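Peer 1: The numbering used here puts the first residue of the sequence shown at 1, with every later residue one more than the last.
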Amino acid sequence: MKFKHIILLCTFLLSVSCKKLLEQEPKNSTYLEKYWKSTQDCESALAGNYALLRNALAFKYSYYMYGDAVAKNYFVIDYNGDGLEGIQNGDYTFTYNVKDLGNWTRYFKVITMSNTILAKLPQVPDASLEKDVPNAQQYKNRVLGQALFIRAFTYFTMTRIWGDVPLVTEFYENPLEAPELPRSPKADVMQQIEKDCHDAISLLNWGYADNPSGAAVTANKGSVYALLAHLYLWRGTTLNAANGGANDMKDINSADTTINTLIANGGYALTDTSNYYKTFIGKSTESIFELNMSEDQLEGSDDGIGMQFLRGDQYIKYYGDHARMAVRPEYFSRHYLKGQDVNDTLDVRYQKGFDYRDDNRPLCRKYSNVVYRNPGLKLSPYMSNNMIIFRFADIKLLQAEIAIYKQDYGKALDIINLFRTRNNTQPLTMPAPDVLMYDYILERGKEMYLEGHLFFDLIRTKTYTYIVDWLTEQRYAQEGFYWPVDPRLFRGNKFLTQTRFWVGKI
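#1: Spatial neighbours of Ala215 within its chain, please: CB distance less than 7 Å, with the 5 preceding and 5 following residues excluded, ordered by chain position.
#2: When the Cα atoms are used, what is the spatial distance from Glu479 to Tyr464?
#3: I need the DSSP call for Val189, collapsed to helix, strand or coil.
#4: Can you give the Cα-Cα distance for Trp502 and Arg488, rounded to whole angstroms?
#5: For the pair the region 198 to 206 and the region 217 to 226, tell me if three or more CB-CB distances fall below 8 Å.
#6: Compute the beta-carbon to beta-carbon distance between Tyr107 and Ala56, rounded to the nearest angstrom, for a pair I have assumed lies under 8 Å.
#7: Pull up the DSSP beta-bridge partners for Val435, would you.
#8: Could you tell me whether the Cβ atoms of Asn424 and Asp341 are closer together than 7 Å?
#9: Just to confirm, are Lys195 and Asp164 a CB contact at a threshold of 7 Å?
#10: Give the DSSP bridge partners of Pro381, in chain order.
#11: Run through the DSSP bridge pairs and tell me what Ile77 is partnered with.
#12: Among residues of its own chain, excluding the 5 on either side of Thr499, which ones have a beta-carbon nearer than 7 Å to its beta-carbon?
#13: Helix, strand or coil for Leu202? Go by DSSP, reduced to three states.
#14: Buried or exposed for Arg311, going by 16 or more other Cβ atoms inside 10 Å?
#15: Which first and last residues belong to the alpha helix (DSSP H) in which Glu290 is found?
#16: Measure the alpha-carbon distance for Asn89 versus Asp100 and round it to whole angstroms.
#17: Looking at the structure shown, is Asn141 part of a helix, part of a strand, or coil, going by DSSP?
#18: Per DSSP, Asp355 is paired with what?
#19: If I follow the unbroken beta strand (DSSP E) through Met387, where does it start and stop?
#20: Between Ile404 and Tyr440, what straight-line distance do the alpha-carbon atoms span, to the nearest angstrom?
#21: When you compare the CB positions of Glu290 and Ile389, do they come within less than 7 Å of one another, or not?
#22: Give a yes or no on contact between the region 404 to 419 and the region 309 to 326, applying the rule of three or more CB pairs nearer than 8 Å.
#23: Give the secondary structure of Asn174 by DSSP, where H, G and I count as helix, E and B as strand, and everything else as coil.
#24: At which residues does the alpha helix (DSSP H) containing Phe108 begin and terminate?
#25: Should Asn174 go down as buried or exposed, given a rule of 16 or more other Cβ atoms within 10 Å for buried?
#26: Exposed or buried, what is Ser15 when buried is set at 16 or more other beta-carbons lying within 10 Å of its beta-carbon?
#27: Have a look at Asn247 and Leu46 and give me their C-alpha separation to the nearest angstrom.
#28: Tell me the DSSP bridge mates of Val165?
#29: Is the beta carbon of Tyr232 less than 7 Å from the beta carbon of Asp210?
#30: Rounded to whole angstroms, how far is the Cβ of Gly452 from the Cβ of Tyr64, which I believe are closer than 8 Å?
#31: In whole angstroms, what separates the C-alpha of Ile395 from that of Val70?
#32: Measure the alpha-carbon distance for Val189 versus Gly83 and round it to whole angstroms.
#33: Does Asn28 come out as helix, strand or coil in the three-state DSSP assignment?
#34: Out of curiosity, what's the CA-to-CA distance linking Ala136 and Asn49?
#35: Measure the alpha-carbon distance for Asn369 versus Gly492 and round it to whole angstroms.
#36: Which residues does DSSP list as the beta-bridge partners of Ser301?
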């Protein structure tokens with residue numbers, strides 16, 4: 001996905017976006033009439049869809065701010081003027097945070113692009129495509145299935161952040177005629193995500209025989225099943241947060257069935273721990289879906305989340321010894337115990353995932369595959385680690401969580417101990433059920449550190465009280481884990497309302 005695709009997509013995106021939601025201007029429609037004529041056009045549109053998604057998640061490290069940073073006992077952010085440190089105390093009202101992290105515009109650009117592909121691709125004559133592909137319908141299915149996945153994943157990301165969000169599934173030829181939309185109930189949004197997933201599953205294949213170069217960095221059936229499993233678990237554990245928080249076992253059972261299908265058909269495997277770092281470079285045996293950020297295609301990042309943790313000396317030449325972000329020492333004392341009967345500090349993830357472990361500012365080196373664009377002088381460092389969204393370890397651990405919900409404690413303990421033993425840590429003996437859930441969330445915290453999942457894990461399992469001191473049970477019951485909406489979005493849309501918890505606070 002070259003940067004030129006982003007330029008191309010941004011050009012014609014202006015002609016199709018919903019102005020009321022995205023504040024974009026219409027453009028002459030003749031561009032669209034000339035555009036959808038070939039496989040090259042379709043590939044450019046799809047590449048642009050992925051690029052917009054990557055840009056949305058990478059913006060101000062937002063994927064990790066929403067998913068990790070707000071659970072402040074995992075890492076610390078030093079102040080540098082943009083207010084990110086405020087979110088670690090549950091205060092999302094800092095001006096920069098509201099304008100940047102409270103604004104969903106960048107996600108609606110992704111959705112608009114998906115809606116455009118879903119509307120325009122079926123109209124492309126098969127004869128135009130069969131100049132380049134043997135079967136036009138199979139080709140269309142592959143592109144349409146990916147557009148559905150991207151839309152579903154984007155809405156899943158949004159509903160975990162804001163709860164209720166406007167639901168837009170139509171393509172508007174003239175954005176000035178697009179309606180002003182209110183926020184749809186999160187139950188309706190999740191129903192649409194589920195539908196998009198099932199539709200995508202019917203169009204996509206397992207594996208990448210029809211698209212080898214797109215392995216892991218484009219969606220296939222496995223990617224959709226992983227998303228669907230997460231959707232079922234999120235819906236089944238959070239939809240009733242304001243009404244006592246009771247879990248919905250129907251959704252949890254659906255997650256179980258979905259994961260079983262994924263494991264049986266996906267062909268994924270846990271990466272050998274000797275190749276620990278390769279998992280986070282990308283395209284490992286664990287990779288289910290990730291976004292390409294490889295310097296092989298000059299798509300690395302010079303300001304990504306990994307580089308916020310790295311120091312100078314052996315990591316990045318000319319960097320100082322005080323990175324902006326650092327692992328909290330409390331994270332180690334909670335997750336990697338060291339005592340007479342246990343020594344979790346021998347864990348592969350502790351040894352390989354972190355450095356300066358005895359310092360007051362340890363660093364995370366999961367994402368430390370730094371490439372210099374001027375290698376001779378070691379100038380212009382770029383991080384060449386893909387953005388990992390779903391991987392096999394995540395899915396295997398979710399099986400343990402499901403087993404706890406289903407009171408199959410033996411199965412849950414076996415999975416937890418699988419991860420402990422493969423990473424050179426002593427297995428656990430059977431604890432009480434509530435302690436087992438805590439042991440599970442610690443295992444997630446070790447395995448999924450800085451992968452955008454941990455805060456959502458705490459919400460889903462209701463173990464947030466152990467880690468996130470600002471999220472009280474009262475605030476949870478008020479759904480105070482959702483983000484406020486940037487008030488600027490209310491201009492021009494009289495139907496939008498503020499997130500319930502934040503009414504009167506922002």
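Note that the Cβ used here is the ideal one computed from N, Cα and C, for glycine as well.
It should be emphasised that the depicted structure is a prediction, and the values quoted were computed from it without experimental measurement.
Peer 2: Inspection of the coordinates gives the following:
#1: Once the five neighbours on either side are set aside, the close Cβ partners of Ala215 are Tyr208 and Lys283.
#2: So the alpha carbons of these two residues sit roughly 13 Å apart.
#3: The answer is helix: DSSP assigns Val189 an H, G or I state.
#4: 15 Å
#5: yes
#6: 5 Å
#7: Answer is none; Val435 lacks a bridge partner.
#8: no
#9: The answer is no: Cβ separation not under 7 Å.
#10: Tyr372
#11: Met325
#12: Trp162, Gly163, Tyr482, Trp483, Pro484 and Val485
#13: Note that residue 202 corresponds to Ser in the displayed sequence, not to Leu. Ser202: helix per DSSP, three-state reduction.
#14: buried
#15: Annotation for Glu290: no alpha helix (DSSP H) segment contains it, though the beta strand (DSSP E) segment containing it runs Ser287 to Leu291.
#16: 17 Å
#17: Of the three classes helix, strand and coil, the one that applies to Asn141 here is helix, per DSSP.
#18: Leu363
#19: It spans Met387 to Arg391 - the beta strand (DSSP E) in which Met387 sits, taken as one unbroken run.
#20: 9 Å
#21: yes
#22: no
#23: coil
#24: Thr105 to Lys120
#25: Exposed, by the Cβ-count rule.
#26: Low local confidence applies: a pLDDT of 40 at Ser15 is under 50, so the model's placement there is unreliable, with the coordinate-based value given in what follows. Buried, because 16 or more other Cβ atoms sit within 10 Å of the Cβ of Ser15.
#27: 37 Å
#28: Ser184
#29: Against a cut-off of 7 Å, the Cβ pair of Asp210 and Tyr232 comes out as no contact.
#30: Contact holds; Cβ gap of about 5 Å.
#31: 23 Å
#32: 30 Å
#33: Because Asn28 carries a pLDDT of 42, less than 50, the predicted location of this residue cannot be relied on, and no value is offered for it.
#34: 20 Å
#35: 44 Å
#36: Met383
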